Amino acid sequence: MNRIEAANRALFLHINGGGDTPRWLVNIAIGIADGLIYLIPILLLALWLWGGRTHRGLALKACLVTLAALGANQMIGALCWHPRPFMLGLGHAWLQHAADSSFPSDHMTVFAAIALTLLCGGALGLAAAVGAAGLAVAWARVFLGVHFPLDMAGAVLVAAGVCALVTPLWRRAENPVLTLAERLYRIFLAWPIAAGWIRR
Numbered sequence: 011m012n013r014i015e016a017a018n019r020a021l022f023l024h025i026n027g028g029g030d031t032p033r034w035l036v037n038i039a040i041g042i043a044d045g046l047i048y049l050i051p052i053l054l055l056a057l058w059l060w061g062g063r064t065h066r067g068l069a070l071k072a073c074l075v076t077l078a079a080l081g082a083n084q085m086i087g088a089l090c091w092h093p094r095p096f097m098l099g100l101g102h103a104w105l106q107h108a109a110d111s112s113f114p115s116d117h118m119t120v121f122a123a124i125a126l127t128l129l130c131g132g133a134l135g136l137a138a139a140v141g142a143a144g145l146a147v148a149w150a151r152v153f154l155g156v157h158f159p160l161d162m163a164g165a166v167l168v169a170a171g172v173c174a175l176v177t178p179l180w181r182r183a184e185n186p187v188l189t190l191a192e193r194l195y196r197i198f199l200a201w202p203i204a205a206g207w208i209r210r
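Be aware that the sequence shown starts at 11, since it is given in this note's numbering, and climbs by one per residue.
#1: Kindly give me the distance between the Cβ atoms of ASN37 and GLY155, rounded to whole angstroms, as I take these residues to be in contact under 8 Å.
#2: Determine contact between the stretch 100-109 and the stretch 77-84, defined as no fewer than three beta-carbon pairs at a distance below 8 Å.
#3: Could you check the C-alpha separation between ASN185 and LEU126 for me, to the nearest Å?
#4: Taking only three categories from DSSP, how would you classify HIS157?
#5: Return the CA-CA distance between LEU194 and ALA139, expressed in angstroms with no decimal places.
#6: For PHE22, which residues from the same chain have a beta carbon less than 7 Å from its beta carbon, with the 5 sequence-adjacent residues on both sides left out?
#7: I'd like to know if the stretch 67-77 and the stretch 163-178 are in contact, where contact means that at least 3 CB-CB pairs between them fall below 8 Å.
#8: Between which two residues does the alpha helix (DSSP H) harbouring ARG94 extend?
#9: Whose C-alpha, out of ILE124, ALA43, ALA56, is nearest the C-alpha of TRP207?
#10: Which of the three DSSP states, helix, strand or coil, is assigned to ASN18?
#11: State the DSSP-derived secondary structure class of LEU35, mapped to helix, strand or coil.
#12: Can you check which of these residues, ALA150, THR119, GLY29, is closest to GLY168 by C-alpha distance?
#13: Ignoring anything shorter than 4 residues, give me the alpha helix (DSSP H) runs that lie fully in the stretch 21-87, in order along the chain.
#14: Let me confirm a value: HIS24 is counted as buried when at least 16 other C-beta atoms fall within 10 Å, else exposed. Which label applies?
#15: In angstroms, rounded to a whole number, what distance separates the CA positions of LEU134 and THR64?
#16: Classify GLY41 as buried or exposed, calling it buried when 16 or more other Cβ atoms lie within 10 Å of its own Cβ.
#17: Report the residue ranges of all alpha helix (DSSP H) runs contained in full by the stretch 107-162; include only those spanning at least 4 residues, in chain order.
#18: Got a sec, what are the start and stop residues for the alpha helix (DSSP H) ALA204 sits in?
#19: Please go through the same chain and pick out, in chain order, the residues whose beta-carbon is closer than 7 Å to the beta-carbon of PRO114, but skip the five residues on each side of it.
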């Protein structure tokens with residue numbers, strides 16, 4: 011075992027909930043670990059339905075960065091397979107999870123990809139909120155014993171790398187892609203737009 015892995019396991023054991031953890035805290039952690047991710051599609055949908063053209067562009071780019079980063083995760087997981095803590099008998103597992111590769115964390119990748127895209131787009135408040143939610147999810151999933159701390163760090167690095175690669179390509183493609191998306195949106199959702207429920 012190298013020093014990085016040893017430090018990773020030591021930090022995991024420091025964060026992971028022990029056997030005497032109160033049930034209410036476990037339940038809160040489960041709610042954070044499994045529940046906050048559903049706020050992401052709600053946020054992106056809100057940016058599109060009620061935001062201006064800039065916010066819509068950010069929503070589309072965020073989706074693209076997230077999907078590309080998750081795709082990168084699949085390749086990394088296949089090439090650099092790493093067991094989850096409970097597969098090694100480390101700590102306590104408070105949340106049932108498939109025995110697949112832990113590195114990098116898909117949950118954290120989603121939050122990091124969205125937060126970094128918003129940050130690069132100048133939506134600092136939203137970026138900070140998504141980033142804070144992502145940190146909470148990272149803590150919860152380590153606390154519950156389904157991830158190592160390095161899984162979270164790796165997820166941020168993957169998201170940052172993909173965001174850096176996608177950004178220059180998106181600058182060229184944004185206008186035609188966004189124009190087409192808005193055209194289709196105005197066709198298929200013409201009635202709620204006309205009713206004033208959502209933005210044109």
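Every residue, glycine too, gets a C-beta built ideally from N, C-alpha and C.
In this text the structure is predicted, and so the values were computed from the model without any measurement.
From the atom records:
#1: The residue you call residue 37 lines up with position 27 of the sequence shown. The residue you call residue 155 lines up with position 145 of the sequence shown. Going by Cβ atoms, the distance from ASN37 to GLY155 rounds to 15 Å, so no, they are not a contact pair.
#2: no
#3: As a first step, residue 185 is located in the sequence shown; it is residue number 175 there, counting from the start. As a first step, residue 126 is located in the sequence shown; it is residue number 116 there, counting from the start. So the alpha carbons of these two residues sit roughly 20 Å apart.
#4: Mapped onto the sequence shown, residue 157 falls at position 147. Coil.
#5: Translated into the one-based positions of the sequence shown, residue 194 becomes position 184. Translated into the one-based positions of the sequence shown, residue 139 becomes position 129. Cα-Cα distance, rounded: 30 Å.
#6: Position 12 of the sequence shown, counting from 1, holds the residue named residue 22. The answer, listed in chain order, is PRO95, LEU100, GLY101, VAL152, PHE158, PRO159.
#7: yes
#8: Counting from 1 along the sequence shown, the entry for residue 94 is found at position 84. No alpha helix (DSSP H) contains ARG94, which DSSP labels as neither H nor E.
#9: Residue numbering aside, residue 207 sits at position 197 when the sequence shown is read from its first letter. That would be ALA56, whose Cα lies nearest to the Cα of TRP207.
#10: Stepping through the sequence shown from its first residue, residue 18 is reached at position 8. The answer is helix: DSSP assigns ASN18 an H, G or I state.
#11: The residue given as residue 35 occupies position 25 in the sequence shown. DSSP places LEU35 in helix when its eight states are reduced to three.
#12: Position 158 of the sequence shown holds residue 168. For the record, residue 168 in the displayed sequence is Val; it is not Gly. When only C-alpha atoms are compared, the closest one is THR119.
#13: 33-45, 49-60
#14: Reading the sequence shown from its first residue, position 14 is the one you call residue 24. Flag for HIS24 reads exposed.
#15: Indexing the sequence shown from 1 puts residue 134 at position 124. Indexing the sequence shown from 1 puts residue 64 at position 54. Cα-Cα distance, rounded: 14 Å.
#16: By one-based count along the sequence shown, residue 41 stands at place 31. Exposed.
#17: 116-130, 134-153
#18: Counting from 1 along the sequence shown, the entry for residue 204 is found at position 194. Looking at the DSSP string, the run of the alpha helix (DSSP H) that includes ALA204 is 200-204.
#19: By 1-based counting over the sequence shown, the position of residue 114 is 104. Counting only Cβ-Cβ distances below 7 Å, and skipping sequence neighbours, we find ASN83, ILE86, ASP161, GLY164, ALA165, VAL168.
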